[in-house]
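In case it helps, the working numbering puts the sequence shown at residues -19 to 211. Virtual Cβ for every residue (Gly too), placed ideally from N, Cα, C. Single-structure report; data block below.
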Amino acid sequence: MSINMKWLRTQILKISSTLQKERRIFERFPGPNEVVECYGYCVSKEGGVLKYNILLEDAPMGSLLNLMRDCGGRIPESHIADFGLAKEPGEDDSDMLFHLYQHRGTPCYMSPESVQFAEITVSALDIWSLGCIVVEMITGRVAWGNLDSKELFNKLVCGNESPKIPEYMSESGKDFPRRCFELDHRERWTADTLLTHPFVDDEPLQPVEPYIEELLSPCFACAVNSVLCEN
-19 MSINMKWLRT QILKISSTLQ KERRIFERFP GPNEVVECYG YCVSKEGGVL KYNILLEDAP
41 MGSLLNLMRD CGGRIPESHI ADFGLAKEPG EDDSDMLFHL YQHRGTPCYM SPESVQFAEI
101 TVSALDIWSL GCIVVEMITG RVAWGNLDSK ELFNKLVCGN ESPKIPEYMS ESGKDFPRRC
161 FELDHRERWT ADTLLTHPFV DDEPLQPVEP YIEELLSPCF ACAVNSVLCE N
């Protein structure tokens, strides 16, 4: 299956430093065979809020399968990178926050202990990040809201808060991210244990119609409702 889709990544301008860095890194990878290609950026104003946008295209030369076929079933040089951990040429760690806490990563998905102690607790950190992603998928918004990096790090350093879990989720739905957000990383559920949680194991599908208007634009909401009705 060939994939060719242009899309936008957007962040509020005042907290868009990581997205701006991602755009600069993307621009260092020109050429027709890139799986993801960046076409530039713009600043827009929506509801009185300035937003930073980068325009990306997934698989401009087709899908990963297409690229493998062109290379005789192999990809000679395959590079996978986490740009949240990337370091630009000439960049040092003089930034106040990085210097103070000695870490790298995407702040809104970081766990308290990774900021407080720079502990390498990979699996527990990833479970916290999973909880943030679940909340973001349910609400359509970043789990910590519109906090800037300094405000977010202050919360994480205090270590006594976790992202707010939507009240409109089912009880098992609320319990799932709660298990991910245990402040003591030793008490967080493991990935294997979470796979047995009722939220992912046997939770019945909940109707999404009441939340569509809140999360999506009116035109897109109508399109989604239409698809749901057809299915």
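Run of the alpha helix (DSSP H) containing residue i, from where it starts to where it stops
i, result
"C138", "129 to 138"
"L174", "171 to 174"
"K1", "-3 to 6"
"D232", "Outside the shown range of the chain (-19 to 211) lies residue 232, about which nothing can therefore be said."
Residue i versus residue j - alpha carbon distance
i, j, result
"A123", "R8", "30 Å"
"F133", "R159", "21 Å"
"R4", "K(-6)", "17 Å"
"S(-3)", "N33", "12 Å"
"C22", "T176", "44 Å"
"T86", "K31", "18 Å"
"D50", "L174", "40 Å"
"R168", "G111", "11 Å"
"G153", "L36", "32 Å"
"F179", "D155", "8 Å"
"E141", "G20", "37 Å"
"G125", "G52", "46 Å"
"T170", "G27", "40 Å"
"P143", "I118", "13 Å"
"Y148", "P157", "14 Å"
"S94", "C18", "31 Å"
"F161", "C88", "13 Å"
"L(-1)", "D128", "13 Å"
"D172", "G120", "26 Å"
"T(-10)", "E2", "12 Å"
For residue i, the three-state DSSP class (helix, strand or coil)
i, result
"G153", "helix"
"S91", "coil"
"S197", "With a pLDDT of 44 at S197, under the threshold of 50, the modelled position of that residue is not reliable, and the figure given next carries that caveat. DSSP places S197 in coil when its eight states are reduced to three."
"C112", "helix"
"K(-6)", "helix"
"L30", "strand"
"C18", "strand"
"L105", "helix"
Buried or exposed (CB count within 10 angstroms, at least 16 for buried), residue i
i, result
"S24", "exposed"
"A104", "buried"
"S150", "exposed"
"V114", "buried"
"L185", "Confidence in L185 is poor, its pLDDT being 49 and thus under 50, which makes the residue's placement too unreliable to answer from."
Sequence-distant residues of the same chain with beta carbon closer than 7 Å to residue i, five excluded per side
i, result
"G139", "P92, Q96, L163"
"E116", "V122, A123"
Residues near residue i by beta carbon distance below 8 Å, same chain, minus five either side
i, result
"M90", "H83, L105, W108, S109, L136"
"R166", "A104"
Cut-off 6 Å between Cβ atoms - residues of its own chain near residue i, not counting five sequence neighbours on either side
i, result
"K130", "none"
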